[in-house]
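Basically the numbering used here = 1-based index in the sequence shown + 420.
For every residue, glycine included, the Cβ atom is placed at its ideal position computed from N, Cα and C.
Small disclaimer: the values here were computed from a predicted structure and weren't measured.
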Amino acid sequence: MPTSLERSRDKLSSPARAPHIALSSRHWQISLLDIHVDRPSPDPDSEPPFEILEAGTGHGALTLHLSRAIHAANPPLPKTPSITTTEEEPEDAVYLGESMSDLGDSAIESWKQNRRAIIHTLDISSKHSQHAKKIVQGFRHGMYSENVDFHVGDISDWIAKQQASRKTDKPFLAHVFLDLPNANSHLANVIPALHVNGLLAVFNPSITQIAECVERIREQRMPYLLDQVIELGTGTIREWDVRAVRPKATVRKAGADQPSEPSSDEGVDSEQRQAARDSELEAELSKQEEEKWVMVCRPKVGEMVVGGGFLGLWRRMEITSTKESSD
421 MPTSLERSRD
431 KLSSPARAPH
441 IALSSRHWQI
451 SLLDIHVDRP
461 SPDPDSEPPF
471 EILEAGTGHG
481 ALTLHLSRAI
491 HAANPPLPKT
501 PSITTTEEEP
511 EDAVYLGESM
521 SDLGDSAIES
531 WKQNRRAIIH
541 TLDISSKHSQ
551 HAKKIVQGFR
561 HGMYSENVDF
571 HVGDISDWIA
581 KQQASRKTDK
591 PFLAHVFLDL
601 PNANSHLANV
611 IPALHVNGLL
621 AVFNPSITQI
631 AECVERIREQ
641 RMPYLLDQVI
651 ELGTGTIREW
661 DVRAVRPKAT
671 VRKAGADQPS
681 EPSSDEGVDS
691 EQRQAARDSE
701 LEAELSKQEE
711 EKWVMVCRPK
721 VGEMVVGGGF
731 LGLWRRMEIT
741 STKESSD
């Protein structure tokens, strides 16, 4: 029998699974996404399906909650006919060259082609993805599992492959949920796949990771509008103020710090030197305007929140032309 010390060593040496997030936090996340779906239309081609991408499957808790939220939009699952077998007939009877299990699989595949709402969940680890799939399939006899497509890989690569297979550059995702440690490196690649007015949600355990996303969006002028930043606790939430600001004294100080040089009586040389100083001043001001931005990260209320993490919500905006009319 292994000792308690040996069992502890085995636990320490065994690979860790994805971190588990409290169910109350998952309820808040689904509520903040504000998902509303209607019953399936008689015409499956009337409008494109409602698709959500979750990057970072983990244990599959959020996957299951997302599937429940969009479940009403899909038609009922096909029911396989119950066949009573006799002693002379094998258990898995064959009809027209197909077994009953094959008929059930083909019926599910045909049903999937008519889904009106789909959850795409992606994880970099195949082990996490398989574990989450078992969790979703084991809940309520798998009644929500067929709403979900499980994928393994990188989110940016997955979006590129989806656009290539769909043969279109049009956006196809209603919402995107990123539960990744490096979410800020994928923000730009999400833009072409996310519908205008769709929500981009980023969940991280640290507020500084959310601040990095805010800064990346500002620096690269991405078409995202920050809706809110929420700290998720045990059954409670707290809103945070996270934004990039530039102190008003920065530009004034930049102008005041420039050294004054004596004037020269040489007309042409003086004008040239003045033009050179003006160019240097403009370059310095522009550099300081870029460098002197600071991040504000503070809670908007005073209560203490224990556990959980931080959820940033951005709304995808229309990309407007940079050229403005002279009018």
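For Q648, the uninterrupted beta strand (DSSP E) segment begins and ends at Y644 to L652.
Within the same chain, L614, V616 and G618 come within 6 Å of R736 by CB-CB distance, once the 5 residues on both sides are set aside.
Nearest to T541 by C-alpha distance, out of S451, H485 and K499, is H485. In this chain, the alpha helix (DSSP H) harbouring H551 covers S546 to G558.
In terms of Cβ geometry, L652 and G562 do not form a close pair [threshold 9 Å].
It is roughly 17 Å from the alpha-carbon of R663 to the alpha-carbon of A603. Per DSSP, the unbroken beta strand (DSSP E) holding N624 starts and ends at L614 to N624. According to DSSP, R718 shares a beta bridge with D661. DSSP, reduced to helix, strand and coil, places E529 within a helical segment of the structure shown.
Selection S549, Q557, L733 and T654 evaluated against D647 yields L733 as nearest (Cα-Cα). One thing to note: V610 has its Cβ within 9 Å of the Cβ of L598. Within the same chain, Q640 and M642 come within 7 Å of A608 by CB-CB distance, once the 5 residues on both sides are set aside.
Between P612 and D589 the beta-carbon gap is near 6 Å, inside 8 Å, which marks them as a contact. Comparing alpha carbon positions, the residue from S461, C633, G480 and P625 closest to K547 is G480.
The straight-line gap separating the alpha-carbon atoms of I630 and D543 is approximately 20 Å. The C-beta of Q692 has fewer than 16 other C-beta atoms within 10 Å across all chains shown, which makes the residue exposed.
V596: member of the beta strand (DSSP E) spanning L593 to L598, first to last residue. Listed in chain order, the non-local C-beta contacts of P625 below 6 Å within the same chain comprise G729, local neighbours out to five positions each way being set aside. By the Cβ neighbour-count rule, T654 is exposed, with fewer than 16 other Cβ atoms within 10 Å of its own.
Here E471 is bridged, per DSSP, to I538. Non-local beta-carbon contacts of D454 in its own chain, meaning distances under 8 Å to residues more than five positions away in sequence, involve L619 in chain order. Nearest to G478 by C-alpha distance, out of V596, R535, A594 and A552, is A552. A straight line joining the alpha-carbon of V572 with that of A475 spans about 10 Å.
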